[in-house]
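Single-structure report; data block below.
2 protein chains.
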Amino acid sequence: MLEDKNPKPLNELEELGEFGLIQHLTENIKLKNPSSIKGVGDDAAVIEYKDKQTVVTTDLLVEGIHFDMIYTPLKHLGYKAATVNLSDVYAMNATPKQITVSIAVSNHMSIEGLEELYEGILLACEVYGVDLVGGDTTSSTSGLIISITAIGEGDKDTLVFRDEAKENDLICVSGDLGGAFMGLQLLEREKQIFQENPQVQPDFSGYDYVLERQLKPEPRKDVVDMFKEIGVHPTSMIDVSDGLSSDLIHICTQSNVGCTIYEDKIPIDPSTITAAEEMQLDPIVCALNGGEDYELLFTISLDDYNKIKDQKRVAVIGHITSDEGSYQIVSKDEKIHQLTAQGWNSILKKD
Amino acid sequence: MLEDKNPKPLNELEELGEFGLIQHLTENIKLKNPSSIKGVGDDAAVIEYKDKQTVVTTDLLVEGIHFDMIYTPLKHLGYKAATVNLSDVYAMNATPKQITVSIAVSNHMSIEGLEELYEGILLACEVYGVDLVGGDTTSSTSGLIISITAIGEGDKDTLVFRDEAKENDLICVSGDLGGAFMGLQLLEREKQIFQENPQVQPDFSGYDYVLERQLKPEPRKDVVDMFKEIGVHPTSMIDVSDGLSSDLIHICTQSNVGCTIYEDKIPIDPSTITAAEEMQLDPIVCALNGGEDYELLFTISLDDYNKIKDQKRVAVIGHITSDEGSYQIVSKDEKIHQLTAQGWNSILKKD
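Protein sequence lines, in the order shown, are assigned to chains A and B.
Quick note: to get the numbering used here, add 267 to the position in the first sequence (first position is 1).
Quick note: to get the numbering used here, add 267 to the position in the second sequence (first position is 1).
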């Protein structure tokens, strides 16, 4: 990951021109979805969902803010840029069908680099059955900028919003939390070691899981499929991008309710715990505030508890209360603490 | 325009946080369109077009590449960022209904500045009946980045693409060309004078039209409305963003045809000619390669000529030929020249 790949500084980008570049990067795209009527190559793409509703979400990723090119392989970056958007569509209980991709690149970027980035984006499209239907390619005076818009379809009656969590609803989360944040900490640590002494090869052995959580997050299509299978309609849902605390507070604020969750119910993978302890961080704080897990955080009516209780991919971590503005976590020693939307910066300041 | 507005370097942006910032900028938005089911505030926006098709287009604007903050008032920048996207929707013979807006800003940007930018975006939404339904706000390590996605609706039978121009079709263009490019040249000239001697106030008197063409372009909704009124269905259409030559060649390439246009038919405003001559540029070259005019370039069947011939906002400038790959312009002295997709850089190199 930290190896020097010696990309040829081609400057071919300018020669190809914007039109040529888009054509080059998108020439092998074949539209898969019947709803994708017209893809790349016109003023706009054309989509037709007939009796479904359309959901639209967009994300802007900026080099130096959202990713560090030193330890992010371009193919992974492309994959992640696409999947974090798809995750937002799944968080509406909808199915992503199309994306548009806009990128701004500096002259330092080689065509090979851009091809790798697109490979990752197109791989995500392949895995999740999505068509790349449009976009924009332009120059940047500084780093790489990626803007992706994901479009999907859902039934009017099954879309799930953030503002309909009700008192006594159970709070559930898929998968496990904190791993992506620990992956990032490891990458940052090895980057520092490498910068101080380029002879030292990074040591990532045993950390595959948390690294993958950071570099190649998968949106939880399987959980959305599960809802359909077992006949559960969540009352509210959000994907965990900012961190469990922050995202749960979003649901509560928008639903005008409060919440109580339990520390001992929060799912954390053993390798996340090992990595956190090694770096002298509190695993539970990482799980609460780390973010970028792209798990689904949702609430269900008590009536649906029996349907969900044996689903291994979902943990029930607490319940919604009528106490608007009160966001509580009960620690293992049964003390009550206030949840705050701190974001991951606070984790490192604290410890 | 070049005045120093002394914006307070607030750094409030960080204090507000991403969530607070989006809320602050979007709190007064009221959805106008029945198709806008759910706007800002969830993982994704929700749209419903029923029996219409959806068109989607996206643009990425980067400071230092697409705009210069020295002479671009932020409100104008916001307005233009929105309208250039709406123009792409109109170029499909469709009606824009929603936009999403993603912006990345550095710490140098004040909240007042961001508010002005949004004011411009929301003014464009107001004028063109569009809802702002979502977006993303993040930090930038360098300049301002704006990514806008516009979504619109059209009837399956009336959408117009780039690839269906036929031999003998008439080539038409709305409004006039070259003005936006001359506006840019003026702004660049006054910027240089100002940088060399900040005491000299810029002199823009008599240049209102070309400045407005550059700073506040209007998409041609009225032309799309006209098609409906007079019952014309263009065989192909594109908006003039790269320049007449380049955009006409896009239509021809995608339709596998050639074209012949006539220099004396190309509409150029008198103030564009005056400005070009003053700056020792050839007005016709500016009209062919200047770009950013956001006029509609389209082809119609010969049968529709009578319907369009008295429409003052449209000029017939030539016709489509069967000669694939041959793009010709007949000059005033009746000589035939080849059209090339040079883009505006070439204009200045040439002269």
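Backbone N, C-alpha and C fix where the C-beta goes; we use that ideal spot for every residue, glycine too.
None of these values were measured; they are calculated from a predicted model.
Q: Output yes if chain A places a C-beta closer than 8 Å to the C-beta of V313 of chain B; else output no.
A: Chain A contact via Cβ: present.
Q | the region 579-590 of chain A in contact with the region 454-465 of chain A per 3-pair CB rule at 8 Å | A | no
(Q) Output needed for C392 of chain A: all residues of its chain with C-beta closer than 6 Å, excluding positions within five of it in sequence on either side, in chain order. (A) Within the same chain, and ignoring the five residues on either side of C392 of chain A in sequence, the residues whose Cβ sits closer than 6 Å to its Cβ are L399.
Q. Cα separation between E545 of chain A and S508 of chain A?
A. 24 Å
Q. Below 8 Å between beta carbons: does that hold for G419 of chain B and V524 of chain B?
A. Against a cut-off of 8 Å, the Cβ pair of V524 of chain B and G419 of chain B comes out as no contact.
Q) Is A542 of chain B helix, strand or coil when you go by DSSP? A) helix
Q. For G620 of chain A, is the classification buried or exposed, using 16 other Cβ atoms within 10 angstroms of its Cβ as the cut-off for buried?
A. With chain A covering only 268 through 618, there is no way to say anything about residue 620 of chain A.
Q) Can you tell me where the beta strand (DSSP E) with Y474 of chain A in it begins and where it stops? A) Note, Y474 of chain A: premise wrong, no beta strand (DSSP E); not H, not E.
Q: Go to M449 of chain A, then tell me how far its alpha helix (DSSP H) extends in each direction, as first and last residue.
A: Taken as a continuous stretch (DSSP letters only), the alpha helix (DSSP H) holding M449 of chain A covers G446 to E463.
Q: Note the first and the last residue of the continuous alpha helix (DSSP H) segment covering Q521 of chain B.
A: L511 to S522
Q | Closer than 8 Å to chain B by CB, K616 of chain A | A | Low local confidence applies: a pLDDT of 46 at K616 of chain A is under 50, so the model's placement there is unreliable, and no value is given.
Q. Do L482 of chain A and K347 of chain A have their C-beta atoms closer together than 8 Å?
A. yes
Q) Exposed or buried, what is S598 of chain A when buried is set at 16 or more other beta-carbons lying within 10 Å of its beta-carbon? A) So S598 of chain A ends up on the exposed side.
**Q.** Residues near V499 of chain B in its chain [Cβ-Cβ closer than 7 Å; skip 5 each side]
**A.** The answer, listed in chain order, is I567, D571, K574 and I575.
Q. Under three-state DSSP, which class holds P550 of chain A?
A. When secondary structure is reduced to three states using DSSP, P550 of chain A falls in the helix class.
Q | Cβ neighbour criterion (16 or more within 10 Å) applied to T408 of chain B | A | Per the 10 Å Cβ criterion, exposed.
Q. Of all the CB atoms in chain A, is at least one closer than 8 Å to the CB of K574 of chain B?
A. No, K574 of chain B does not count as interfacial toward chain A.
(Q) Taking the alpha-carbon of G387 of chain A as reference, which of A:P484, A:L478, A:L288 and A:V490 has the nearest alpha-carbon? (A) A:P484
(Q) Here's the rule I'm using: 16 or more other beta-carbon atoms within 10 Å means buried, otherwise exposed. How should N556 of chain B be labelled? (A) buried
**Q.** 7 Å CB neighbourhood of A582 of chain B in its chain, flanking five on each side removed
**A.** C439, V440, K532 and P534
**Q.** CB contact below 8 Å: A447 of chain B versus chain A
**A.** no
Q | Neighbourhood of Q468 of chain B by C-beta distance below 7 Å, restricted to the same chain and skipping five residues each side | A | none
Q) Taking contact to mean at least 3 C-beta pairs separated by less than 8 Å, is the region 339-357 of chain B in contact with the region 349-356 of chain A? A) no
Q: Using alpha carbons as the reference points, say which of B:F494, B:E383, B:Y395 and B:T325 lies closest to N300 of chain B.
A: B:Y395
Q. When DSSP labels each residue in this structure, what does M504 of chain B get in the three-state scheme?
A. Under the three-state reduction of DSSP, M504 of chain B is assigned to strand.
Q: Would you list, in chain order, the members of the region 317-334 of chain A that have their beta-carbon closer than 9 Å to a beta-carbon of chain B?
A: K317, D318, K319, Q320, T321, V322, V323, T324, T325, D326, L327, L328, V329, E330, G331, I332 and H333
Q) Does any CB atom of chain A fall closer than 8 Å to the CB of G558 of chain B? A) no
Q) So which residues on chain B does Q521 of chain A lean against when the C-beta distance must stay under 9 Å? A) The contacting residues are G308 and D309.
**Q.** Backbone CA spacing between D600 of chain A and L327 of chain A [nearest angstrom]
**A.** 41 Å
**Q.** Contact residues within the region 418-435 of chain A, judged by C-beta distance below 7 Å to chain B
**A.** I418, L426, F428 and R429
Q.
Check whether chain A comes within 8 Å of K305 of chain B, counting only Cβ atoms and requiring the distance to be less than that.
A. yes
**Q.** Endpoints, alpha helix (DSSP H) assigned at D489 of chain A
**A.** Element bounds for D489 of chain A: K488 to I497.
Q: Report the residues of the region 490-513 of chain A with a CB closer than 7 Å to any CB of chain B, ordered along the chain.
A: Contact residues of the region 490-513 of chain A toward chain B are I505 and D506 (C-beta to C-beta distance below 7 Å).
Q | With 16 other Cβ atoms within 10 Å as the buried cut-off, status of S522 of chain A | A | buried
Q) Expressed to the nearest angstrom, what Euclidean distance is found between the alpha-carbon atoms of D514 of chain B and R580 of chain B? A) Those two C-alpha atoms are separated by around 19 Å.
Q | Nearest-angstrom beta carbon gap, S303 of chain B and I332 of chain A [assumed within contact, 8 Å] | A | Actually they do not touch by this definition, with Cβ atoms about 30 Å apart.
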